[in-house]
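**Student:**
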Amino acid sequence: MLTILQEEQFENLYQLIEDSFPSDEYRPYQTQRALLSNPHYQIYVYEKDNQLAAFFATWEGPDFIFLEHFAVKASFRNGGLGSKLLQAFLKQQSKPIVLEIEPPEGEIEKRRAGFYERNGFSLSQWGYVQPALAKGQSPVSVVLMSYPKPLQEQAYQSFKNWVFKHVYS
273 MLTILQEEQF
283 ENLYQLIEDS
293 FPSDEYRPYQ
303 TQRALLSNPH
313 YQIYVYEKDN
323 QLAAFFATWE
333 GPDFIFLEHF
343 AVKASFRNGG
353 LGSKLLQAFL
363 KQQSKPIVLE
373 IEPPEGEIEK
383 RRAGFYERNG
393 FSLSQWGYVQ
403 PALAKGQSPV
413 SVVLMSYPKP
423 LQEQAYQSFK
433 NWVFKHVYS
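This is the structure:
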């Protein structure tokens, strides 16, 4: 079902990233591609009808998996595929999962939080400002969600320290 990204799939992956996220929430092409050689970074893909239909981009920390990006191609959305893939992904992981979302204040942000909550994630009271990922990009305010249990303060501090050192350095 989910496989590891192959080098030749990167073009399609990057197109899906551009189509799915605001420009402040992903890295420039070369920077993103260079991450493929980072041993802590992994991209899982799902293909359907010979197309890249969805992907998960993760960072493995000592005590958790950071789900940095998850997207389903627009033509495959609203049929339950996102939940099905997320559940399959969660079953494959042995560590807790942490992800960032924009604070659930607007309609889209509330729907995103609801999607993750329906899939077993807990919205935390903690967040931070994600630094700009490249020159010309803006920082993004985020809150954290976690699976399978709510995030406790000590785990939040540990995660925040790790993510700023290894992901946003």
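Letter by letter, the sequence shown follows residues 273 to 441 in my numbering.
Cβ atoms here follow ideal geometry from the backbone N, Cα and C, with glycine treated the same way.
This structure is a prediction, so every number in the text was calculated from the model and none was measured.
Does the beta-carbon of V466 have 16 or more other beta-carbons within 10 angstroms, so that it is buried, or is it exposed?
**Tutor:** One cannot answer for residue 466 here, as it falls past the ends of the chain, which runs 273 to 441.
**Student:** A346 by DSSP, collapsed to three states: which one?
**Tutor:** If you number the sequence shown from 1, residue 346 lands on position 74. In the structure shown, A346 sits in a helix (DSSP, three-state: H, G or I).
**Student:** Helix or strand or just coil, what does DSSP make of Y440?
**Tutor:** Here residue 440 corresponds to residue number 168 of the sequence shown, with the count starting at 1. Y440 falls in the coil class under three-state DSSP.
**Student:** Counting beta carbon pairs with one atom in the region 387 to 397 and one in the region 301 to 311, are three or more of them shorter than 8 Å?
**Tutor:** no
**Student:** Okay, do the region 323 to 339 and the region 356 to 369 touch, 3+ Cβ pairs below 8 Å being the bar?
**Tutor:** yes
**Student:** What separation, rounded to the nearest whole angstrom, lies between the Cα atoms of G352 and V435?
**Tutor:** Residue numbering aside, residue 352 sits at position 80 when the sequence shown is read from its first letter. Residue numbering aside, residue 435 sits at position 163 when the sequence shown is read from its first letter. Their Cα atoms are separated by approximately 30 Å.
**Student:** Go to G354, then tell me how far its alpha helix (DSSP H) extends in each direction, as first and last residue.
**Tutor:** On the sequence shown, position 82 is the one that residue 354 refers to. Here the alpha helix (DSSP H) through G354 covers 353 to 364.
**Student:** Between the Cα of Q287 and the Cα atoms of P420, G354, K345, which residue gives the shortest distance?
**Tutor:** Residue 287 sits at position 15 when you count from the first residue of the sequence shown. Minimum Cα distance to Q287 is reached at K345.
**Student:** Once DSSP output is grouped into helix, strand and coil, what is the label at Q314?
**Tutor:** The residue labelled residue 314 in the question sits at position 42 within the sequence shown. Q314: strand per DSSP, three-state reduction.
**Student:** Looking at the secondary structure, which residues open and close the beta strand (DSSP E) in which Y419 lies?
**Tutor:** Your numbering for residue 419 matches position 147 in the sequence shown. That run of the beta strand (DSSP E) goes 412 to 419.
**Student:** Give me the Cα-Cα distance between G386 and E379, rounded to the nearest whole angstrom.
**Tutor:** As a working mapping, residue 386 is identified with position 114 in the sequence shown. As a working mapping, residue 379 is identified with position 107 in the sequence shown. A straight line joining the alpha-carbon of G386 with that of E379 spans about 10 Å.
**Student:** Given G432, which residues of its chain have a CB within under 7 Å of its CB, disregarding the five upstream and five downstream residues?
**Tutor:** Counting from 1 along the sequence shown, the entry for residue 432 is found at position 160. It should be pointed out that residue 432 corresponds to Lys in this sequence rather than to Gly. Contacts found: Y400.
**Student:** Pop quiz: L324 and Q281 are said to be a contact at Cβ under 8 Å. What is the actual Cβ separation, rounded to whole angstroms?
**Tutor:** The residue given as residue 324 occupies position 52 in the sequence shown. The residue given as residue 281 occupies position 9 in the sequence shown. Confirmed, Cβ separation roughly 6 Å.
**Student:** Looking at the unbroken alpha helix (DSSP H) that takes in F328, where does it start and where does it end?
**Tutor:** Numbered from its first residue, the sequence shown carries residue 328 at position 56. Per DSSP, F328 belongs to no alpha helix (DSSP H); it is in the beta strand (DSSP E), 323 to 332.
**Student:** For V414 versus E374, is the C-beta distance shorter than 8 Å?
**Tutor:** Taking the sequence shown and counting its residues from 1, one reaches residue 414 at position 142. Taking the sequence shown and counting its residues from 1, one reaches residue 374 at position 102. In this structure, E374 lies closer than 8 Å to V414 by Cβ.
**Student:** I'd like the list of long-range same chain contacts for Y388, defined as Cβ closer than 6 Å, with 5 residues on each side in sequence excluded.
**Tutor:** Counting from 1 along the sequence shown, the entry for residue 388 is found at position 116. Excluding positions up to five away in sequence, the list reads M417.
**Student:** E280 lies in the alpha helix (DSSP H); which residues open and close that run?
**Tutor:** Position 8 of the sequence shown, counted from the first residue, corresponds to residue 280. Neither: E280 is in no alpha helix (DSSP H) and is coded neither H nor E.
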